[in-house]
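Structure, as structure tokens:
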Amino acid sequence: MSFPKITFGIIVLNGEPFTRYCLRSVYPFAHEIIVVEGGHEDTRSVSTDDGHSVDGTLETLLRFKKEEDPDNKVQIITKNGFWPKSDETGTHRTPQSQAYADKATGDYLWQIDIDEFYRAEDIRFIIRMLRDDPSITAVTFPSRNFWGDPSYIIDGWKLRRGSEYIHRLFKWGEGYKYLSHEPPTVIDEKGRDLRTVHWIKGSTLKRKGIFMYHYPQLFPWQVRQKTMVYKDEKPDNCSEILEWAEKNYFKITNPFNIERHYWMPSWLEQYKGEHPAEVIQMMGDVKSGIINAEVRENSDVEKILSKRKYFFKVKYMKLLNIWDLYAKRFLFHISRIKNVPGRIKRYIGVFDINP
């Protein structure tokens, strides 16, 4: 049985220094790599006047296509101007993802952000899994999220309540449609959400030790431009995100508020596990000066992690998360029970034959 063809789809604005390393990491496994470069209408603060990256991402893509694409796998899609922010349903960034999905010719569509990586052996495992069971329609990955340096990993209430699991891989074929970017959703020719058919959940892969390695807050430039975009793109949820970045990324005033979803507790822990090979190469190239990238000075993190008091506070926050979650569920069920008499009364009233 032959291996399935994988289309990797990427949207990117200001993806440096990740760009070439991300492409290299999936190139050996790709049927094609379709990259949509540029920003939507709310990214003007970090884009050129015609909607492109300001950090050389487009130039890096074109150079990669010229110098590192012997099999002609890479397609680069750009727009003369800004991409629409939302589709007709209001979901953000969907038009950009649809731009690569519309050109996909693989058996599966694997969505990747430019700062997301996988170990090569894990990609091989996933492709073998798809080959051995073609009925699989969707795969969700557990994530490991890094902050300031590959040796620091993010944890927190939002991650522990489900956001560590990321929908990324979908069966693809004639009549299939990329429906939304938030959350990533694909429907088949019958209009079925592929996660309702044969879905491999993130918890299943987590038990097998397979993760998506996500580096969303690794470099200062990355955090600086992302927070500016989120402030304009999602003003209701991210109105204070620039203040958060100044207080708890560029310096740390609250070590339990270090993740960009600043309305929920989060913290850092030391990470001593593996990283994908291209991430190790990227960090080596940054350190040696081959790649020019500002790095965060992390003496404050080391000081925090060295404190035994912090270790016990992290344990406490993990327990408090469980208590808070179950308390809210309990109160929700109590509210439903309290409404039962009223529902019974309304139900009986339907059959009331008295005038």
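Numbering of the sequence shown is given in the numbering used here, commencing with residue 507 and proceeding in unit increments. Just so you know, even glycine gets a beta-carbon here, dropped at the ideal spot from N, CA and C.
Among the options, which one has its Cα closest to the Cα of residue i?
i: TRP829; options: ARG666, ASN520 and ILE582; result: ARG666
i: VAL532; options: VAL785, LEU825, GLU775 and TYR822; result: VAL785
i: HIS598; options: THR710, LEU685 and GLU775; result: LEU685
i: ASP561; options: ASN520, PHE514 and MET507; result: ASN520
i: THR513; options: ASP593, TRP616, PHE570 and THR595; result: TRP616
i: LYS511; options: ILE629, THR525 and ASP593; result: ILE629
i: TRP773; options: GLN602, ASN578 and ASN827; result: ASN827
i: LEU831; options: VAL820, MET770, SER812 and ARG713; result: MET770
i: TYR671; options: ILE747, PHE717, VAL729 and ARG835; result: PHE717
i: ASP639; options: GLY654, SER657 and ASP613; result: ASP613
i: LEU567; options: THR584, VAL552 and ASP577; result: THR584
i: MET734; options: LYS815, ASP608, THR549 and PRO534; result: THR549
i: TYR658; options: GLU765, LEU564 and GLY587; result: GLU765
i: HIS673; options: HIS687, ILE516 and TRP663; result: HIS687
i: THR525; options: ASN760, GLN604, TYR606 and MET788; result: MET788
i: GLY530; options: GLU752, GLU574 and PHE836; result: With the sequence shown as reference, residue 530 is identified as Arg, and Gly is not the correct amino acid for it. When each option's Cα is compared against that of ARG530, the closest is GLU574.
i: LYS591; options: PHE570, ILE660, LYS740 and LYS677; result: LYS740
i: TRP601; options: LYS571, VAL542, TRP750 and ARG802; result: Before going on, a small fix: residue 601 reads as Pro here, not Trp. When only C-alpha atoms are compared, the closest one is VAL542.
i: GLY697; options: LYS683, SER709 and PRO690; result: LYS683
i: PRO534; options: TRP589, LYS572, GLU627 and LEU837; result: GLU627
By Cβ distance, which residues of its chain are closer than 6 angstroms to residue i, with the 5 residues on each side in sequence left out?
i: TYR721; result: ASP621 and PHE652
i: SER641; result: HIS704
i: HIS763; result: Strictly speaking, residue 763 in this sequence is Asn, with His absent from that position. Result list for ASN763: ASN754, in chain order.
i: ARG701; result: ALA644
i: GLY681; result: GLU695
i: VAL820; result: TRP773
i: GLN723; result: TRP653 and VAL729
i: HIS558; result: GLY544 and LEU564
Looking only at its chain, what residues have a beta carbon closer than 8 angstroms to the beta carbon of residue i, apart from the 5 residues adjacent to it on each side?
i: ALA799; result: GLU522, PRO523, PHE725, TRP727 and VAL792
i: TYR719; result: GLU622, PHE623, TYR624, ARG625, SER649, ARG650, PHE652, HIS781, PRO782 and VAL785
i: ASP806; result: LYS757 and ILE758
i: LYS737; result: CYS744, SER745, ILE747 and LEU748
i: ALA833; result: none
Write down the C-beta distance between residue i and residue j rounded to the nearest angstrom, noting that I regard them as a contact closer than 8 angstroms.
i: PHE509; j: ARG637; result: 5 angstroms
i: LYS579; j: ILE539; result: 5 angstroms
i: ASP619; j: ASN586; result: In fact, because the Cβ distance is near 24 angstroms, the residues do not count as touching under 8 angstroms.
i: GLU775; j: ASP593; result: No, GLU775 and ASP593 are not in contact; Cβ-Cβ is about 38 angstroms, not under 8 angstroms.
Quick check on residue i: buried or exposed, where buried means 16 or more other Cβ atoms within 10 Å of its Cβ?
i: ASN756; result: Looking at the sequence shown, residue 756 is not Asn but Phe. Answer is exposed; the Cβ neighbour count stays below 16.
i: ASP694; result: buried
i: ALA610; result: buried
i: LYS778; result: exposed
i: PHE817; result: exposed
i: SER794; result: exposed
i: GLY790; result: exposed
i: TYR822; result: exposed
i: PRO634; result: Before going further, note that residue 634 is Arg rather than Pro in the sequence given. With fewer than 16 Cβ atoms within 10 Å of its Cβ, ARG634 is classed as exposed.
i: GLY654; result: buried
i: GLY608; result: One point to set straight first is that residue 608 is Asp, not Gly, in the sequence displayed. Exposed: under 16 other Cβ atoms inside 10 Å.
i: ASP577; result: exposed
i: SER603; result: buried
Going by beta carbon distance, what residues of the same chain come within less than 7 angstroms of residue i, once the five residues before and after it are set aside?
i: THR554; result: VAL560
i: GLU780; result: ARG625
i: LYS707; result: THR646
i: ASN860; result: Caution applies to ASN860, whose pLDDT of 45 falls short of 50 and renders its modelled position unreliable; the value that the coordinates give is listed next. None.
i: PHE857; result: Bear in mind that the predicted position of PHE857 carries a pLDDT of just 43, short of 50, making it unreliable; the figure below should be weighed with that in mind. Nothing meets the Cβ criterion.
i: TRP678; result: THR513, ALA610, GLY612, ASP613, TYR614 and LEU615
- Message: List, from N- to C-terminal side, the alpha helix (DSSP H) runs of 4 residues or more that fit wholly inside the segment 572 to 628.
- Response: The segment 572 to 628 contains these whole alpha helix (DSSP H) runs: 600 to 607.
- Query: Taking only runs of the beta strand (DSSP E) that begin and end inside the segment 654 to 718, which ones reach a length of at least 3 residues, in chain order?
  - Reply: Segments of the beta strand (DSSP E) lying fully in the segment 654 to 718: 655 to 662, 671 to 677, 683 to 687 and 690 to 693.
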